[in-house]
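Peer 1: Got a structure for you, written out below as structure tokens; questions coming shortly.
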Amino acid sequence: MFNFFKKWKGDPQPFDIEELSNEEIKKGEIPKHIAIIMDGNGRWAKKRALPRIAGHHEGMKVVRKITKQANLLGVEVLTLYAFSTENWKRPKTEVDYLMKLPEEFLTTYLPELIKENVQVRIMGDKQRLPKHTLNAVEKAINDTKKNTGLILNFALNYGSRAEILTAVQHIATDIKTGQLNDSDLTEDVFSSYLMTNSIQDPDLLIRTSGEIRLSNFMLWQLAYTEFWFTDILWPDFNEQSLLQAIYTYQQRGRRFGGI
Ligand code: IPE
Ligand code: IPE
Ligand code: MG
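The sequence shown begins at 1400 in my numbering and counts up by one.
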């Protein structure tokens, strides 16, 4: 048949896909690194006439669910965008709550993460984080550093432009001091200056809540990532949503510029 006459109907939509199971999805390729822009907590709360922070609290429970699920599926890295360098613009009460969330999450779930062999990491500008937030996160990183299962990488006070700019500044210094030769500056060397230096690029990016933008997230690392956007608000995202995203990923043909 002349395949090129076939009309592109877009990704299979959730309503086209039956209930999926872990077993079925595991027969196909599991993305090694999944990155998620967890968006829509505020709108979830607004729909219920609740304060925005109630949405963030509900979203935290979804983090637990999805971490567990990703680990079960054999995903190697799960990067979650938890707070952007632009989120400081929000009202102080909301920012304060968002800075308490990592503690709340880790106080409740750290024992479980340890038991499940999950390794916690963070990427972002740590300097601006309140001491209590940083302490909680560093304890989790330390307590899970020997774990060999899923890497749960929180992007906390993360901004991709800032990350790239900092990398360029370090590269400039290293060239000036003779630690790096400008002719040796390859893409791999550049990547090694980023916060993801020990982590492969994402295979799959998910953004919830219907926004179709990157909001300053992993601009360099997402060059060849498959994108999956969904209208589901983050607090409503569940195991089935993750399976649908991976199912869609498995239907795509990744060519990396080849044919
Ligand atoms: C995502 O939900 C969480 C963070 C950005 C911290 P939002 O708080 O952005 O929710 P909406 O977009 O206002 O619905
Ligand atoms: C992106 O969501 C940041 C996080 C999910 C942490 P935002 O809600 O801040 O993004 P914009 O402002 O809608 O682009
Ligand atoms: Mg938002």
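Beta carbons: idealized from backbone N, C-alpha and C, even for Gly.
Roughly how many angstroms separate the alpha carbons of residue 1572 and residue 1447, rounded to a whole number?
Peer 2: Going by the C-alpha atoms only, they are around 52 Å apart.
Peer 1: Please classify residue 1651: does DSSP put it in a helix, a strand, or coil?
Peer 2: If DSSP states are grouped into helix, strand and coil, residue 1651 belongs with coil.
Peer 1: Which residue marks the beginning of the beta strand (DSSP E) containing residue 1546, and which one marks its end?
Peer 2: Note, residue 1546: premise wrong, no beta strand (DSSP E); not H, not E.
Peer 1: Using the Cβ count rule (16 or more neighbours within 10 Å means buried), how would you classify residue 1400?
Peer 2: With a pLDDT of only 48 at residue 1400, under the threshold of 50, the placement of this residue in the model should not be trusted; the figure read from the coordinates follows. Exposed: under 16 other Cβ atoms inside 10 Å.
Peer 1: Here's the rule I'm using: 16 or more other beta-carbon atoms within 10 Å means buried, otherwise exposed. How should residue 1410 be labelled?
Peer 2: Residue 1410 is buried by the Cβ-count criterion.
Peer 1: Where does residue 1547 land, buried or exposed, given buried means 16+ other C-beta within 10 angstroms?
Peer 2: Exposed: under 16 other Cβ atoms inside 10 Å.
Peer 1: Tell me which same chain residues have a C-beta within less than 6 Å of the C-beta of residue 1624, skipping the five on either side of it?
Peer 2: Contacts found: 1601, 1604.
Peer 1: Using the DSSP secondary-structure output, state which residues sit across from residue 1531 in a beta bridge.
Peer 2: Looking at the DSSP assignment, residue 1531 forms no beta bridge with any residue, so it has no partner.
Peer 1: According to the neighbour-count rule (16 or more other Cβ atoms, all chains shown, within 10 Å of its Cβ), is residue 1430 buried or exposed?
Peer 2: Classification of residue 1430: buried, given that the 10 Å Cβ count is 16 or more.
Peer 1: Under 7 Å Cβ to Cβ from residue 1500, same chain only, skipping five residues before and after it: list those, please.
Peer 2: Answer for residue 1500: 1455, 1459, listed in chain order.
Peer 1: Can you tell me whether residue 1657 is buried or exposed, with buried defined as 16 or more other CB within 10 angstroms of its CB?
Peer 2: Answer is exposed; the Cβ neighbour count stays below 16.
Peer 1: Would you say residue 1581 faces chain C, with C-beta separation under 8 Å as the test?
Peer 2: Of the chains in the structure shown, none is chain C; there is only one protein chain.
Peer 1: Residue 1625 by DSSP, collapsed to three states: which one?
Peer 2: If DSSP states are grouped into helix, strand and coil, residue 1625 belongs with the strands.
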